[in-house]
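Structure, as structure tokens:
Number of protein chains: 2
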Amino acid sequence: MQLSNTSQYAIRMLAYMADKKDSPLINATELAKVLQIPYKFLTKIMTELVKADLVISMRGREGGYSLSKKASDIKVDDILNVFHDSIQEEQCVLGIGFCNGMCKCALHDQWMEPKLLLQKMFRESSLEDIAGKGCKI
Amino acid sequence: MQLSNTSQYAIRMLAYMADKKDSPLINATELAKVLQIPYKFLTKIMTELVKADLVISMRGREGGYSLSKKASDIKVDDILNVFHDSIQEEQCVLGIGFCNGMCKCALHDQWMEPKLLLQKMFRESSLEDIAGKGCKI
DNA sequence: TTTAATTACTACTTTAAGGTAGTATTAAAG
DNA sequence: CTTTAATACTACCTTAAAGTAGTAATTAAA
Chain A
1 MQLSNTSQYA
11 IRMLAYMADK
21 KDSPLINATE
31 LAKVLQIPYK
41 FLTKIMTELV
51 KADLVISMRG
61 REGGYSLSKK
71 ASDIKVDDIL
81 NVFHDSIQEE
91 QCVLGIGFCN
101 GMCKCALHDQ
111 WMEPKLLLQK
121 MFRESSLEDI
131 AGKGCKI
Chain B
1 MQLSNTSQYA
11 IRMLAYMADK
21 KDSPLINATE
31 LAKVLQIPYK
41 FLTKIMTELV
51 KADLVISMRG
61 REGGYSLSKK
71 ASDIKVDDIL
81 NVFHDSIQEE
91 QCVLGIGFCN
101 GMCKCALHDQ
111 WMEPKLLLQK
121 MFRESSLEDI
131 AGKGCKI
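This is how it looks when you write it as structure tokens:
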């Protein structure tokens, strides 16, 4: 019952960038050091965020990363989607994940309320909302 | 954001046994067939449930498994605990899982409400509550 | 007492996530 | 133009979860 490491890292990376919105570009070395994320793994994740158009990258000396849009326009759920970690409509806690009209799992009804709150949390929380909140590691 | 396969299997296995409370013993072959769980993996999980005293086993011909207590006295959370899948107090969605007084993650506040509902769901749902609900696979 | 049917144990294989290493590419500074 | 500091790409390694195989132990029926 946890987000993947990759998604957790990604959210923390982008939240940090949102927090430092005055710096035009932030590089991987700084992110890895401050957030205590393995450098090479971080760059791999960042490349996926670039491909997903959540982040813009500049190569070469003085290069780095920046958010592709306003922090208030990037929701946590957008990040989870990149790593297929968002909660799908049919996703349940039993039945190896999926319930539908034909076949519902035994905890289907109990799951509804927490599921809706989780989806709400992910869909409504933007990077602006969470930037600067909490500690970095 | 999912329970492990192992926990999902375990819950479904025990819920099925609770449902068939008239049969004194239920064997692995029947469980594996009805619930569509790999036989060998199922017996491995069941052995852990026996060691955790949630299930009693009888070896030999005519052997099988039965719940160690009333279905209403086994909560879903008891099963999750066996596989260390229960939601811990300090467990959060960021920060690789743990928040505490010193260091809270950026989604700490938003996580509180869904977390409490999830814990409530797991702690208050007994096998009696979920037996017979939903389809088996 | 033998046989068949069951769980328990030990060890292995497979798969996917997490993480690392090295090289290529890019772009600004000197 | 060369150097330096950054991202991008490709390939690999590590770890833990998931799943499999074979054998030993146990029990009741035949």
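If you read the protein sequences in the order shown, they are chains A and B. Position one of the first sequence corresponds to residue 1 (my numbering), numbered consecutively onward. Position one of the second sequence corresponds to residue 1 (my numbering), numbered consecutively onward. All residues carry an ideal CB built from backbone N, CA and C; glycine is no exception. Keep in mind that this is a model prediction, so the values were computed, not measured.
> For A/Val55, which of helix, strand or coil comes out of DSSP?
Replying inline: Taking the first residue of the first sequence as 1, we reach residue 55 of chain A at position 55. In the three-state reduction of the DSSP assignment, A/Val55 falls in the strand class.
> Where does A/Gly95 sit, in a helix, a strand or coil, going by DSSP?
Replying inline: Here residue 95 of chain A corresponds to residue number 95 of the first sequence, with the count starting at 1. If DSSP states are grouped into helix, strand and coil, A/Gly95 belongs with the helices.
>> Quick check: does the Cβ of B/Asp78 come within less than 7 Å of any heavy atom belonging to the ligand SAM?
In response: In the structure shown, the ligand SAM is absent, as is every other ligand, since no ligand is present at all.
> What are the start and end residues of the beta strand (DSSP E) that includes B/Leu67?
Replying inline: Within the second sequence, the letter at position 67 stands for residue 67 of chain B. Element bounds for B/Leu67: 64–67.
>> Contact criterion: CB-CB distance below 8 Å. Does A/His84 meet it with respect to chain B?
In response: Translated into positions along the first sequence, residue 84 of chain A becomes position 84. For A/His84, no CB of chain B lies under 8 Å from its own CB, so it is not counted at the interface with that chain.
> Should A/Arg12 be flagged as near chain B, meaning a C-beta pair shorter than 8 Å?
Replying inline: Along the first sequence, one-based indexing puts residue 12 of chain A at 12. Cβ-Cβ to chain B under 8 Å: yes for A/Arg12.
> Who are the neighbours of B/Glu113 on chain A, taking C-beta pairs under 7 Å?
Replying inline: Translated into positions along the second sequence, residue 113 of chain B becomes position 113. Against chain A, a Cβ distance below 7 Å from B/Glu113 picks out Leu117.
> Is B/Tyr65 near B/Val55, with beta carbons less than 8 Å apart?
Replying inline: Residue numbering aside, residue 65 of chain B sits at position 65 when the second sequence is read from its first letter. Residue numbering aside, residue 55 of chain B sits at position 55 when the second sequence is read from its first letter. Cβ distance < 8 Å, so B/Tyr65 and B/Val55 count as in contact.
> Run through DSSP, which three-state label would B/Ser26 get?
Replying inline: On the second sequence, position 26 is the one that residue 26 of chain B refers to. In the sequence under discussion, the amino acid at residue 26 of chain B is Ile, which differs from the Ser named in the question. Look at B/Ile26 here: in three-state DSSP terms it is strand.
>> To the nearest angstrom, how far is the alpha carbon of B/Lys104 from that of A/Ala71?
In response: Position 104 of the second sequence, counting from 1, holds the residue named residue 104 of chain B. Position 71 of the first sequence, counting from 1, holds the residue named residue 71 of chain A. Rounded to the nearest whole angstrom, the CA to CA distance from B/Lys104 to A/Ala71 is 21 Å.
>> Less than 8 Å between the beta carbons of B/Leu31 and B/Leu42, yes or no?
In response: Your numbering for residue 31 of chain B matches position 31 in the second sequence. Your numbering for residue 42 of chain B matches position 42 in the second sequence. Going by beta carbons, B/Leu31 and B/Leu42 fall inside the 8 Å limit.
> For the alpha helix (DSSP H) that contains B/Ser7, what are its first and last residues?
Replying inline: Numbered from 1 along the second sequence, position 7 holds the residue referred to as residue 7 of chain B. Per DSSP, the unbroken alpha helix (DSSP H) holding B/Ser7 starts and ends at 5–19.
> B/Met121: buried (16+ other C-beta within 10 angstroms of its C-beta) or exposed?
Replying inline: Locating residue 121 of chain B in the second sequence gives position 121, counting from the first residue. Flag for B/Met121 reads buried.
>> Using 8 Å as the threshold, is the C-beta distance between B/Ile137 and B/Leu35 below it?
In response: Locating residue 137 of chain B in the second sequence gives position 137, where the first residue counts as 1. Locating residue 35 of chain B in the second sequence gives position 35, where the first residue counts as 1. Contact flag set, yes.
>> Just verifying my parser: in three-state terms, what is the DSSP assignment at B/Lys75?
In response: Mapped onto the second sequence, residue 75 of chain B falls at position 75. The three-state reading of DSSP puts B/Lys75 in strand, counting E and B together.
>> Counting only Cβ pairs nearer than 8 Å, list the residues of chain A close to B/Asn81.
In response: As a working mapping, residue 81 of chain B is identified with position 81 in the second sequence. Near B/Asn81 there are no residues of chain A at all, since even the closest Cβ is about 13 Å away, more than 8 Å.
>> Determine, for A/Ser72, whether the minimum Cβ-Cβ distance to residues of chain B falls below 8 Å.
In response: To locate residue 72 of chain A, count along the first sequence from 1; it is residue 72. Closer than 8 Å: no.
> For B/Gly101, which option in B/Ala28, B/Leu94, B/Glu90, B/Gln110 has the closest C-alpha, if you only look at C-alpha atoms?
Replying inline: To locate residue 101 of chain B, count along the second sequence from 1; it is residue 101. Nearest C-alpha to B/Gly101: B/Glu90.
>> Taking 8 Å as the limit between beta carbons, can you name the residues of its chain near B/Phe83, skipping five residues before and five after?
In response: As a first step, residue 83 of chain B must be located in the second sequence, where it is residue number 83. Counting only Cβ-Cβ distances below 8 Å, and skipping sequence neighbours, we find Ser4, Thr6, Ser7, Ala10, Glu48.
>> For A/Ala52, tell me which candidate among A/Glu128, A/Gln2, A/Lys20, A/Leu67 has the shortest Cα-Cα distance.
In response: To locate residue 52 of chain A, count along the first sequence from 1; it is residue 52. With distances taken between Cα atoms, A/Ala52 lies closest to A/Leu67.
> Who are the near neighbours of B/Leu118 in its chain, counting only those whose CB is closer than 7 Å to its CB and skipping five residues on each side?
Replying inline: As a position in the second sequence, residue 118 of chain B is number 118, starting the count at 1. These residues qualify, in order along the chain: Ile87.
> Along chain B, in chain order, which residues have C-beta atoms closer than 8 Å to that of A/Ala139?
Replying inline: It is not possible to answer for residue 139 of chain A, since the shown part of chain A is limited to 1 through 137.
> Beta-carbon of B/Val34 versus every beta-carbon of chain A: anything under 8 Å?
Replying inline: Along the second sequence, one-based indexing puts residue 34 of chain B at 34. For B/Val34, no CB of chain A lies under 8 Å from its own CB, so it is not counted at the interface with that chain.
>> Could you check whether the Cβ of B/Ser150 sits closer than 8 Å to any Cβ belonging to chain A?
In response: Since the first residue shown for chain B is 1 and the last is 137, residue 150 of chain B is missing from the structure and cannot be characterised.
> Assuming B/Ser125 contacts A/Gln110 under a Cβ cut-off of 8 Å, what Cβ separation, rounded to an integer in Å, is found between them?
Replying inline: Looking up residue 125 of chain B in the second sequence gives position 125. Looking up residue 110 of chain A in the first sequence gives position 110. A/Gln110 and B/Ser125 do touch by the CB rule: their CB atoms are close to 6 Å apart, below 8 Å.
> Just by C-beta distance, which residues in the stretch 87–98 of chain B are closer than 8 Å to chain A?
Replying inline: Among the residues of the stretch 87–98 of chain B, those with a Cβ less than 8 Å away from any Cβ of chain A are Ile87, Gln91, Val93, Leu94, Gly95, Ile96, Gly97, in the order of the chain.
>> Can you tell me whether A/Gly63 is buried or exposed? The criterion is at least 16 other CB atoms within 10 Å of its CB, across all chains shown.
In response: Position 63 of the first sequence holds residue 63 of chain A. A/Gly63 should be labelled exposed.
>> To the nearest angstrom, how far is the alpha carbon of A/Phe15 from that of B/Pro114?
In response: Against the first sequence, residue 15 of chain A aligns to sequence position 15. Against the second sequence, residue 114 of chain B aligns to sequence position 114. The sequence shown places Ala at residue 15 of chain A, rather than the Phe named in the question. Linking A/Ala15 to B/Pro114 through their CA atoms gives a straight-line distance of about 21 Å.
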